[in-house]
Amino acid sequence: MKNLLAIFFLISAFYVHAGDIKGQEEAILTDAPEVPAPITRKNPTKVIVHLETKEVKKRMADGVEYLFWTFGGSVPGKFIRVREGDEVEFHLQNHPSSKMPHNIDLHAVTGPGGGAASSFTAPGHASVFSFKTLNPGLYVYHCATAPVGMHIANGMYGLILVEPKDGLPKVDREYYVMQSEFYTKGKNGQKGFQLFSEEKAVKEQPEYVVFNGSVGALAGDKAIKAKVGEKVRLYVGNGGPNLVSSFHVIGEIFDKVYIEGGLKTINENVQTTLVPPGGSAMVEFKVEVPGTFIIVDHSIFRTFNKGSLGMLKVEGPEDKIIYSGKTADEVYLPVEASMIHKEDQTMVSNELGKKVFENTCMACHQADGKGLEDAFPPLAKSDFLNANKKRAIQIVLGGKEGKITVNGVKWDGVMPPQELGDEEIAAAINYVYSSWGNKGYKVTPAEVKAERAKLKK
Amino acid sequence: MIRLLFFIFFPSLILASDMVLVKGGNYNPIFVKEKIVRVANFFIDETPVTNQEFLSFVKKNPQWKKSNAKPLFVDSNYLKHWKSDEEVGDKSLNKSPVVNVSWFSAKAYCEWQGKQLPTIDEWEYLAQFGPADNSKDVKNLILEWYSQETPKKLPNVKSTFKNKFGVWDVHGLIWEWNYDFNTTFVTGESRGDSALDKSMFCGSGSVGAADASDYASFMRFGFRSSLKGNYTVANLGFRCVKGEK
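Now the structure itself:
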């Protein structure tokens, strides 16, 4: 933390040459998800960057290891933060245990190969070159040694931020998130040390798609954190080598997206932003409510089957207006009556009753419940119906044959038993009782069930 | 026969490696489409030069001791894994390949034995042959080696595979120096080498390459082009060759 606060150590302060460059300092580099603190100085300076390329065996997922080729010992490479107009003296040091020569192509560099030609370095050696940061923005850097694809596929990429002269707007939290994919000989989850598969890389069919270099590198106790009310900025990069990321934070809307890592075009209220391989974006949002927010590549099988899942844990007081949490836990009854089988439901929707009535009863008793003269007795304001709730249930369940008198009129017909569930019958009867001036009795599925039981005896 | 000649003409070279005959033939360099290079028969050391063998060279040629060798010819990591000027130190390294040697020092060793470093053509011709028993595809074997960490202690020579000529450890143990290592025309910026008007190697799967998917070979050319004559590297050694006649 101390390192993060004291981001640049001032080695000396003298004019390097007649330009506006003042002083000299060693850049402090950070591993993801940390980001060096914002630059406070108001002048360009000479910044010295020491970055070591190293081939290291590390965890890819639980029980799975891989030989990562890295900038600085982990994937993604160290985050570099400089200011527009700075002169960067870049030392690329290739660890003696490396098998491969490496170099660096910084997309922030204006010049052939982005520095690659000047930084080609054999194992156990170091190269130095320098460049001026002409264009502010968030840039990817990567190894460009032959074959480039394999060097990138093994983990050689990172981000360099060139802050604009006036700095970036202040936020409360900054984090470094870089997506990339890995092509292993063994299938996803296959235990043990895994070798690189050239075939899968060429076919663009990775076994792992991850944030910050390994499955779970940004989840659980490694989740990034914020407090309610804070503004969060994510520096998002994509190392690829092949897949475009559909970067998304579940349950958040990006208040601002610096599209493609540039500073001129800011989009607002963005749900998902595309981050291409070799590209970046800066996203900002205020966290309004507590909880765990899942960071995903919304090409969603990558998230749930290949590993591209991170977490942002937000602590603080809840705000029920912005997000209420669960306020009701109910059984949902879709209108398709035949789908319903639940027995013990006390609350039955009027919509269901109406639907059952329309499907089952209306053909005879009519939409207005008045029935048809000489054929079907009325339900509307029916003394027979309103006299006995239980009898009404029994008739629906068991049918009715023979003479009855309804509102002084004699009827002698047949109503067949209805093949309906308890909820449906209860709902239909309730619908009828609550319509056309009837008495509004309530029938529960439990009562229907009870009558059904009696009927079977 | 060759060994017999050595004993007659170079009786002091008892520790020198056995050599085997590589029957020449045609090969297609990775960096040029449709170019066939004819490679003549040559003799080559059966294994890479070991620490023990290089120690005997240093003892007879004190100008190549760690403390004597000129910076123009060796960088500061020259023989850094040795205990002292005339001691390897760790005896378990005696039979493992000598590394941390520069091109100049490797060349001097071969010349001391009346031999020379293999040319890129000779080496690349040889490099296309995998295990004699065909137990493994040569390309996969190389890629597997690239995917492994460099061990803290290099294994002994003859620990990988023998090809059909009887040559050991062509891949999977160390990188090896070539006589003309710096003629590969690879710039550090490998992607720039793909211009159509140059028939040179390109790292990023160039239009000029004979087989863009031959990552294994690309790596060898890439590695060579990162070197300078006085460089020493922890997994770079050498062996020597001799013409047939």
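Just so you know, the protein sequences line up as chains R and V, in that order.
The number in this note's numbering is simply the position in the first sequence, starting from 1, with 41 added.
The number in this note's numbering is simply the position in the second sequence, starting from 1, with 1445 added.
All residues carry an ideal CB built from backbone N, CA and C; glycine is no exception.
- Per DSSP, Glu67 (chain R) is one residue of the beta strand (DSSP E) stretching across Lys63 to Ala68.
- When the Cα atoms are used, Ala369 (chain R) and Pro358 (chain R) turn out to be separated by approximately 21 Å.
- The beta-carbon distance between His136 (chain R) and Pro164 (chain R), rounded to whole angstroms, is 7 Å. This is short enough to meet the 8 Å contact definition.
- Contact annotation: the segment 1549-1559 of chain V does not touch the segment 181-198 of chain R, with fewer than three C-beta pairs closer than 8 Å.
- DSSP places Ala1679 (chain V) in no beta strand (DSSP E); its state is neither H nor E.
- With its beta carbon at least 9 Å from every one in chain V, Lys263 (chain R) lies outside the interface.
- Taking the Cβ atoms as the reference, Met141 (chain R) lies roughly 12 Å from Thr111 (chain R), outside the contact range of under 8 Å.
- Between the alpha carbons of Glu399 (chain R) and Asp338 (chain R) lies a distance of about 47 Å.
- One alpha carbon belongs to Asp262 (chain R), the other to Val97 (chain R), and they sit about 23 Å apart.
- Neighbours of Ser1592 (chain V) across chain R, judged by C-beta separation under 9 Å: Tyr107, Leu108, Asn195, Lys226, Phe234, Gln235, Leu236 and Phe237.
- Taking the Cα of Gly230 (chain R) as reference, the smallest distance to any Cα among R:Arg100, R:Gly462 and R:Arg493 is reached at R:Arg100.
- Residues of the segment 160-183 of chain R whose Cβ lies closer than 9 Å to any Cβ of chain V, in chain order: Ser160, Phe161, Thr162, Ala163, Pro164, Gly165, His166 and Ser168.
- For the pair Glu222 (chain R) and Ile363 (chain R), the Cα-to-Cα distance works out to about 36 Å.
- At the C-beta level, Lys272 (chain R) and Glu325 (chain R) come within 9 Å of one another.
- For Glu96 (chain R), the C-beta contacts it makes with chain V under 7 Å involve Glu1594, in order along the chain.
- Of the residues V:Leu1599, V:Leu1588 and V:Ser1521, the one whose Cα lies closest to the Cα of Leu1538 (chain V) is V:Leu1599.
- Contact of Lys140 (chain R) with chain V is assigned, a C-beta pair being separated by under 9 Å.
- Flagged as an interface residue toward chain R: Asp1520 (chain V), by a C-beta distance shorter than 9 Å.
- At a cut-off of 9 Å, the C-beta of Lys1673 (chain V) has a neighbouring C-beta in chain R.
- Between the beta-carbon of Glu442 (chain R) and that of Val455 (chain R) there is about 5 Å, and that keeps the pair under the 8 Å contact cut.
- Among the residues facing chain R, Phe1663 (chain V) is included, as its CB has a counterpart in that chain under 9 Å away.
- Across the structure, Ser476 (chain R) and Val372 (chain R) are spaced so that their CA atoms are roughly 25 Å apart.
- In the structure shown, Tyr217 (chain R) falls within a strand segment according to DSSP collapsed to helix, strand and coil.
- Judged by their CB atoms, Asp360 (chain R) and Val330 (chain R) are nearer to each other than the 9 Å cut-off.
- At a cut-off of 9 Å, the C-beta of Thr151 (chain R) has no neighbouring C-beta in chain V.
- Contact between the segment 1540-1551 of chain V and the segment 1570-1588 of chain V is absent: fewer than three C-beta pairs spanning the two stretches fall below 8 Å.
- Among the bridge pairs identified by DSSP, Gln1561 (chain V) is matched with V:Val1686.
- Val328 (chain R) sits away from Val277 (chain R), with the two beta carbons spaced by 9 Å or more.
- Asp415 (chain R) is classed as exposed because its beta carbon has fewer than 16 other beta carbons within 10 Å across all chains shown.
- The bridge partners DSSP lists for His166 (chain R) are R:Asn135.
- Under the Cβ distance rule, Pro358 (chain R) does not count among the residues neighbouring chain V, no pair being separated by less than 9 Å.
- Nearest to Asp1530 (chain V) by C-alpha distance, out of V:Lys1510, V:Gly1470 and V:Ser1662, is V:Lys1510.
- Linking Val1494 (chain V) to Pro74 (chain R) through their CA atoms gives a straight-line distance of about 46 Å.
- For Asn308 (chain R), the uninterrupted beta strand (DSSP E) run begins and ends at Ile307 to Val311, by DSSP.
- Membership of Tyr198 (chain R) in the beta strand (DSSP E) is indicated by the continuous run Tyr198 to Glu204.
- Between Tyr1676 (chain V) and chain R, the shortest Cβ-Cβ separation is below 9 Å.
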